[in-house]
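Residue numbers (this note's numbering), protein chains in the order written: chain X, 437 to 933; chain D, 37 to 143.
Just so you know, even glycine gets a beta-carbon here, dropped at the ideal spot from N, CA and C.
As the structure is a prediction and not an experimental result, all values here were calculated from the model.
What follows is one structure encoded as structure tokens, with my remarks underneath.
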Amino acid sequence: MIPEEFIRSNLEGISFIAPEIILTLAILLILLVGVVLPYWRYRLLFTVLALAGLAGSLLPLWKLPQPAPDLTYLSKLFVWDWLTFFSKPFFALVGVFTILLTQVTGEIDNSEYSECTILVLAVTMGMMLLVASTDLLMIFLAFETMGILSYLLVGIRARDERSGEAALKYVLYGAFTSGTMLFGFSLLFGLAGSTDLSEISRQVVLASQHSQDRLLLIVAILFFMAGLLFKTASFPFHFWCPDVYEGAPTPITAFLSVGPKAAGFVLFIRLFYPLFALGPETGAYQAISGLEWPSILALVSAITMTLGNLAAMHQNNLKRLLAYSSIAHAGYLLMGIVALSDLGLRSVVFYLVVYLFMNLGAFGVVTMVATAGGSEDIESYRGLGTRAPYVCVAMAIFLFSLVGLPPFAGFVGKVYLFAAVISQKIYWLAVVAALNTVISLYYYLRIVKAMFLEKPTEAIQIQVPLSSQALLLALLVPTLGLGIYWQPLARVVSRMF
Amino acid sequence: MSYSLPSFLVVSSLLFCLGMYTVLTRRNAIGILMGIELVLNGAGLNFVAFSRFLEPSQTTNLLSGQVFTLFIIAVAAAEVAVALAIVLSLYSRMKTIDVEEFKQLQG
Chain X
437 MIPEEFIRSN LEGISFIAPE IILTLAILLI LLVGVVLPYW RYRLLFTVLA
487 LAGLAGSLLP LWKLPQPAPD LTYLSKLFVW DWLTFFSKPF FALVGVFTIL
537 LTQVTGEIDN SEYSECTILV LAVTMGMMLL VASTDLLMIF LAFETMGILS
587 YLLVGIRARD ERSGEAALKY VLYGAFTSGT MLFGFSLLFG LAGSTDLSEI
637 SRQVVLASQH SQDRLLLIVA ILFFMAGLLF KTASFPFHFW CPDVYEGAPT
687 PITAFLSVGP KAAGFVLFIR LFYPLFALGP ETGAYQAISG LEWPSILALV
737 SAITMTLGNL AAMHQNNLKR LLAYSSIAHA GYLLMGIVAL SDLGLRSVVF
787 YLVVYLFMNL GAFGVVTMVA TAGGSEDIES YRGLGTRAPY VCVAMAIFLF
837 SLVGLPPFAG FVGKVYLFAA VISQKIYWLA VVAALNTVIS LYYYLRIVKA
887 MFLEKPTEAI QIQVPLSSQA LLLALLVPTL GLGIYWQPLA RVVSRMF
Chain D
37 MSYSLPSFLV VSSLLFCLGM YTVLTRRNAI GILMGIELVL NGAGLNFVAF
87 SRFLEPSQTT NLLSGQVFTL FIIAVAAAEV AVALAIVLSL YSRMKTIDVE
137 EFKQLQG
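Shown next, in the form of structure tokens:
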């Protein structure tokens, strides 16, 4: 006999996943429309439906109760805290920009467009579920929803060999690392006898005092890292990143470089902080003694950013260059995780929001130039500044923001990250990151120099349509705005931790 | 003859190691997928073994381990379906499933 209380609490819990339910309904609707109507003709219709679904998924947020750190629902599968609350509009925004980017650039054929919108919506739903999960089972399911569907997204251009090759590499690496992470989950389940994170964290504290169990915990932590470092494209699981980013359609690349990466970092916060750290006491956490994961991650962070930046220096394909730059940014973001403080966590979330705009913008320019008659090579950017000044100025701003130059948003984000590690007295990491910023200046400036200071090798006409320019503006405004007036975002972020 | 928890853990660790070895050494895409299956099944076996042998207490819910394994089987099927679809579409164009033949993306 199931107690009535149990049924009632689960029925109430359903209202908390209303955003995901609405997204699912939108997916089903698009699927239905794609079957009934000749899907190759109604590109705009699918765009409108997908955007309506994403916007609609945010409507229930205003009706739901105030988030609280320990407000769990659906048998403790999910938590309704401020991080969950704000991640939903964040991921919806990533989805909106991706769909608009695919719509305006036409890099994905009409024949594949309806599937593309469906997959983008489904991955977005997976990410929304992932950041809310507080149960190993739910984390695994959401992680795989996000993963499996993004393999398909990479390979969506069925007739393009490079797209297929990228998808194959992505699926083989991805399935293996998520399998490894799952093995780590199974060890943790054996230790705690439960899949609920709050219960596991209690058992971990007890277990860390026995040397045998501590060994098991260290193995589990290493296995977790495999899955998470893969999703965030960090050393030593970054090999897939340049190949996949180059082979995938550019709007999808932009999507992957922001969405799943952000989800991976949030999962770092969700898994490592409650399970393997104590606190917060006056804003600082402490790793459970015997489990030195922050020092491992600090090393990973330093290697990741150095490796990404060094490899980016001699790339001539812009998508590959930005892929290595995104590896380097994973390194910067890990600094915030390593800092073990509320300030560090805030800086990660702040930087992710900033990164959303500037990275989507940079990839957006790449796809706009490539589809408007140019190519992805740095060659075709030579002298572009005189022929398409608006696009080039936009690109320069996105790149400067990625470097972290004032007065752009990337600068503020980086200041927060640096402040986080310095306030925790991890000076060597701050020095490494500062040196890396200087290195990164070189290759970002190479693009800017090609655009404005070099003569074009051939007279390619670049015509960027008005819709693309409007989309660029929508990404430019926050990149500039958050660089000058970032306090509202900082205030929102500081509520989370 | 009765079996205890360690014997299951030994088997699952072996499955995991064999899977890892397969993934790292195989050049055939299908072979790598089989290695991934082994890793996933090692994890699944762990969950079942733990939920069978651990002492139940007030705070633990050991049935969730067996449920977890059912989910793993379903997800692994979905993952392999996607991977095989990708391999198939590549094979129809490249006439090979040797992963070292795919080197258009390099640099």
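* Thinking C-beta only, is A690/X closer than 7 Å to T613/X? -> no
* **T560/X versus S38/D - alpha carbon distance** => 48 Å
* To do: Tell me, please, whether the segment 908-916 of chain X touches the segment 818-834 of chain X by the rule of three or more beta-carbon pairs shorter than 8 Å.
  => yes
* Asked: V75/D CB to nearest chain X CB: under 7 Å?
  -> yes
* What are the partner residues of Y863/X, as DSSP defines its beta bridges? -> None, per the DSSP bridge assignment.
* With 7 Å set as the bound, which would you pick, yes or no: does the beta-carbon of L50/D sit closer than that to a beta-carbon of chain X? -> no
* What residues are listed by DSSP as bridge partners for L714/X? -> Q722/X
* Name the chain X residues whose beta carbon is nearer than 8 Å to that of N82/D? -> F619, S622, L623, F625, G626
* Using a C-beta cutoff of 7 Å, does A568/X count as contacting chain D? -> no
* Asked: Does the beta carbon of G101/D sit closer than 7 Å to a beta carbon anywhere in chain X?
  -> yes
* Beta-carbon contacts of M794/X that lie in its chain and below 6 Å, excluding the five residues immediately before and after -> F834, S837, L838, G846, T915
* **Member of L889/X, G562/X, R823/X whose CA lies at the smallest distance from the CA of I453/X** => G562/X
* According to a CB-to-CB cut-off of less than 7 Å, which residues of the segment 580-595 of chain X neighbour chain D? -> E580, I584, Y587, L588, G591, A594
* Taking only runs that begin and end inside the segment 814-890 of chain X, name each unbroken alpha helix (DSSP H) of 4 or more residues, in chain order. => 820-823, 825-839, 845-859, 863-888
* Since D567/X and S523/X are thought to touch, with beta carbons under 8 Å apart, how far apart are those beta carbons, to the nearest angstrom? -> The question names Asp, yet the displayed sequence has Val at residue 567/X. At roughly 4 Å, the Cβ-Cβ gap stays under 8 Å, so V567/X and S523/X are in contact.
* To do: Taking H765/X as part of the alpha helix (DSSP H), name the residues at either end of that continuous run.
  => 754-774
* Asked: T569/X by DSSP, collapsed to three states: which one?
  -> A quick correction: the sequence has Ser, not Thr, at residue 569/X. The answer is strand: DSSP assigns S569/X an E or B state.
* Three-state secondary structure (DSSP) at D649/X? -> helix
* **alpha helix (DSSP H) segments (min. 4 residues) lying fully within the segment 521-594 of chain X** => 546-568, 572-590
* Asked: Residue ranges of each alpha helix (DSSP H) run of no fewer than 4 residues wholly in the segment 597-646 of chain X, ordered along the chain?
  -> 597-628, 633-643
* May I ask you to list, following chain order, the residues of the segment 595-615 of chain X that have a beta carbon less than 7 Å from some beta carbon of chain D? => E597, R598, G600, E601, A602, A603, L604, V607, L608, A611, F612, G615
* Asked: Whose C-beta lies closer than 6 Å to the C-beta of L877/X among residues of the same chain, with five residues either side of it excluded?
  -> V839
* Asked: What are the boundary residues of the alpha helix (DSSP H) that G78/D is part of?
  -> 65-89
* Listed by chain order, chain X residues near A65/D by CB distance under 8 Å -> L604, L608
* To do: Thinking D596/X and L627/X are a contact (beta carbons under 8 Å), I'd like their distance in whole angstroms, please.
  => D596/X to L627/X, Cβ: 46 Å. No contact.
* So which residues of chain D does L692/X contact, with C-beta pairs closer than 8 Å? -> Within 8 Å Cβ-Cβ: nothing; L692/X doesn't reach chain D, min ~15 Å.
* Shorter than 7 Å from the beta carbon of D517/X to some beta carbon of chain D? -> no
* To do: Please report how far the alpha carbon of T460/X lies from the alpha carbon of F888/X, in whole angstroms.
  => 46 Å
* **Where the segment 628-641 of chain X meets chain D: residues whose CB sits under 7 Å from a CB there** => G629, S630, T631, E635
* Could you give the distance in angstroms between the alpha-carbon of A866/X and the alpha-carbon of S630/X? -> 39 Å
* Asked: Closest Cβ-Cβ distance between D431/X and chain D: below 7 Å?
  -> Residue 431/X falls outside the range modelled here, since chain X spans only 437 to 933, and no answer is possible.
* Establish whether the CB of E115/D and some CB of chain X are separated by less than 7 Å. => yes
* Quick one: which residues of the segment 681-710 of chain X get their C-beta closer than 8 Å to a C-beta of chain D? List them in chain order. => E682, G683
* Asked: Within 7 Å (strictly less), CB to CB, does A79/D reach chain X?
  -> yes
* Closer than 6 Å by C-beta to G55/D: which residues in its own chain qualify, once you throw out the five before and the five after it? Chain order, please. => G71, L74, V75
* Asked: Do I466/X and T534/X come within 7 Å of each other at the CB atom, strictly closer than that value?
  -> no
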